[in-house]
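S.K.: Numbering (full-length UniProt numbering), first residue to last: 1 to 499.
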Amino acid sequence: MTFFQSPTHDDIQRISDELNLHCSGQELEAYEKLLIGNADTLNLLYSLPEPVPPVQYPRTPGHRPSAEENPYHAWYWKCSVKGESSGKLAGMKVAVKDHAFVAGVPMMNGSRALEGFVPEYDATIVTRMLQEGAEIVGKSIVPDLCCCGSSIMNPYGPTLNPWDTTRSAGGSSSGSAVLLAIGEVDLATGGDQGGSIRIPASCCGIVGIKPTFGLVPYTGVCPIETSLDHVIAGYDDDADSRQPSCGFSVPEYTVEMRKPPNALKIGILKEGFELCENNVQDCVRKAVEAIKNANLFSAVVEVSMPTHLYAKNVWNAFARFGMGAQLLEGGGYGIGAYGLQSSRLSEALQRGLKTNEHATSHLIKALHIWYTFVNQRYGKSIYSRGQSQLLSIRKQYDTLLKEYDVLIMPTLPQIPTKLPDKNTSILEAMVRSGNMVLNTAPFDSTHHPALSLNAGFVQGLPVGMQIVGRRWDDATVLRVAYHVEKALVPLQTEMIKKI
């Protein structure tokens, strides 16, 4: 079958003019003859069967949940995919964030641009959970293309915070966090490019971890920006270009986290508090005092890194440009990443954005306009400059983490925001969504593991504490979190009595 055609003389002339190449007639004739064979190469590529991992477990397509089944707007789709009869996750019900493939089950990724897309294979994380005995019971809802730090840009109305249904549940893993908080599932997956696991974890009072970049296979998950994409641990046999090609092994985290923490040193990042509202600062500082009084660690001391105050701005500059180039203009995958990629997803995303981007969220529209303006006016050097600047910022965090095993700070600068009403302006709604990433986004850029757990409550709403560790030392982050969580039980018990 011939799908691709060679460019005609008129095509080459038009493109030459658009690129300001000043091609002569002789050049145009030569290029036309030279490029004839390129179409044959493309047609050969498309004649080859596309590698598709086999689907290992039976399932039915499931259904869109009714309003009665979905009071918090946390589900996108409900289904049942049962894995092995035994394993580490045997008997556990799992919600999969609706950016990850579950074969035969619709995936919208929160966007009208992808509505109707159905993956043909399972994401690696889905396969691994099924192999360990989990049951996938549905897809949790997300905001448009996962590009929102709140739950207000979700396609079927805002996802409601179970602690106060007039407030945001955070984003973009909003549905996953809510389903965990209300006890409807035992586990839920998320993804994190600017805080999308930790933000809803903080808003909903649960634990959420963003692993070291590259630790968790991203294969079969809709990308946003390859240098930021974080989503169960282990090597994916060259299917994920973010991972070392030599492969790697991981420890038994459930064993490691229970080890005594008395030799560990904790750094309390001063600037991480300065970015937060006073009530959030006070709540997390009370939790820090409780940790000190528990005498769990060899040291709990305040540390400083002034660069943290503007690290989010560096993320904002290059990440939004990268999202525009890869997610909105590059068919999701962009150029340069190798490994297993779904051409069907790429085609569906490009087609959907071309025909239906007018129906996407305000944030997606604003992002696309900003990317196009910067690219046309200033070119792509902003991305290179941002990536280079991050090397310096990463080294500064690494220097602190040589002396201290983890850094602690509030997860979010404020309590969960009010959901917009009919009087809320478009601008105000978007600003509420963007202000949540001050302490979370830097560590997506620098690739450090970061976990949010509940530190306490303000006005009856959960407030998260973020624990950040060395790259590839996720085990220590989990160990600190495990012991901190137990140490905070008395404090939180007293707070809950007052709610």
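Built from N, CA and C at the ideal position, the CB exists for glycine as well. These figures come from a predicted structure and were not determined experimentally.
Restricting to Cα atoms, I'd like to know which of F321, E184 and T440 is closest to Y378.
M.R.: It is F321 whose Cα lies nearest to the Cα of Y378.
S.K.: Under 8 Å, with one C-beta from each stretch per pair, do the stretch 68-84 and the stretch 21-37 reach the 3-pair mark?
M.R.: With the cut-off at 8 Å, the stretch 68-84 and the stretch 21-37 do not touch.
S.K.: Who does L187 pair with in a DSSP beta bridge?
M.R.: V94, per the DSSP bridge assignment.
S.K.: Can you give the Cα-Cα distance for T307 and V284, rounded to whole angstroms?
M.R.: Taking the straight line from one Cα to the other gives about 21 Å.
S.K.: If you follow the alpha helix (DSSP H) that F4 is part of, which residue opens it and which one closes it?
M.R.: Here F4 belongs to no alpha helix (DSSP H), and DSSP marks it neither H nor E.
S.K.: With a threshold of 16 other CB atoms inside 10 Å of the CB of K422, please say whether the residue is buried or exposed.
M.R.: By the 10 Å Cβ count, K422 comes out exposed.
S.K.: In terms of residue numbering, what span does the alpha helix (DSSP H) encompassing P490 cover?
M.R.: Note, P490: alpha helix (DSSP H), V489 to K497.
S.K.: Ordered along the chain, which non-local residues of its own chain (more than five positions away) have a Cβ less than 6 Å from that of P119?
M.R.: F101, A103 and M107.
S.K.: Would you list the one or two residues that DSSP bridges to F457?
M.R.: Looking at the DSSP assignment, F457 forms a beta bridge with P462.
S.K.: Report buried or exposed for T124, applying the criterion of at least 16 other Cβ atoms within 10 angstroms of its Cβ.
M.R.: Burial call: buried.
S.K.: Assign P158 to buried or exposed, taking buried as 16 or more other Cβ atoms, counted over all protein chains shown, within 10 Å of its Cβ.
M.R.: P158 is buried by the Cβ-count criterion.
S.K.: Buried or exposed for residue 516, please, with buried defined as at least 16 other CB atoms from any protein chain shown within 10 angstroms of its CB.
M.R.: Here the chain comprises residues numbered 1 to 499, so residue 516 is not present and cannot be evaluated.
S.K.: Out of Q26, I15 and L478, point me to the one whose CA is closest to E256's CA.
M.R.: Ranking the options by Cα distance to E256, first place goes to L478.
S.K.: Could you give the first and the last residue of the continuous alpha helix (DSSP H) run that contains G272?
M.R.: Note, G272: alpha helix (DSSP H), K270 to E274.
S.K.: Which full runs of the alpha helix (DSSP H) of 4+ residues lie inside the stretch 386-472, going along the chain?
M.R.: DSSP runs (the alpha helix (DSSP H)) wholly in the stretch 386-472: 426-434 and 441-446.
S.K.: Pick helix, strand or coil for I136, following the three-state DSSP scheme.
M.R.: Strand at I136.
S.K.: Ignoring anything shorter than 3 residues or poking outside the stretch 62-113, list the beta strand (DSSP E) runs there in chain order.
M.R.: Listed in chain order, the complete beta strand (DSSP E) runs (minimum 3 residues) inside the stretch 62-113 are 75-82 and 93-97.
S.K.: So, for A134: in the same chain, excluding its five sequence neighbours on each side, which residues have a beta-carbon less than 6 Å away from its beta-carbon?
M.R.: So the qualifying residues of the chain are G83, L89, M92 and V94.
S.K.: What residue range does the beta strand (DSSP E) around D144 cover?
M.R.: Unbroken run through D144: none, as it is neither H nor E.
S.K.: Per DSSP, N279 forms a beta bridge with which residues?
M.R.: Per DSSP, none; premise fails for N279.
S.K.: Roughly how far, in whole angstroms, is the beta-carbon of D164 from the beta-carbon of L453, given that I think they are within contact range, below 8 Å?
M.R.: Between L453 and D164 the Cβ distance is about 20 Å, and since that is not below 8 Å, they are no contact.
S.K.: If we count the other Cβ atoms within 10 Å of its Cβ and call it buried at 16 or more, is V231 buried or exposed?
M.R.: Below a pLDDT of 50, predicted positions are generally treated as unreliable, and V231, at 47, falls in that range; no measurement from the model is reported.
S.K.: How would you label R128, buried or exposed, when you count the other beta carbons within 10 angstroms and need 16 or more for buried?
M.R.: That one is buried.
S.K.: How about L296 and A487: are their beta carbons less than 7 Å apart?
M.R.: Taking 7 Å as the Cβ cut-off, L296 and A487 qualify as a contacting pair.
S.K.: Around the C-beta of I141, are 16 or more other C-beta atoms found within 10 angstroms, so that it is buried, or is it exposed?
M.R.: With 16 or more Cβ atoms within 10 Å of its Cβ, I141 is classed as buried.
S.K.: Distance check for E252 and E184, CA to CA, integer angstroms please.
M.R.: In a straight line, the C-alpha of E184 is about 27 Å away from that of E252.
S.K.: Closer than 6 Å to a non-hydrogen atom of the ligand COA - does that hold for the CB of P490?
M.R.: The ligand COA is not part of the structure shown, which contains no ligands of any sort.
S.K.: Under the three-state reduction of DSSP, which class applies to S342: helix, strand or coil?
M.R.: In this structure, S342 counts as coil in the three-state DSSP scheme.
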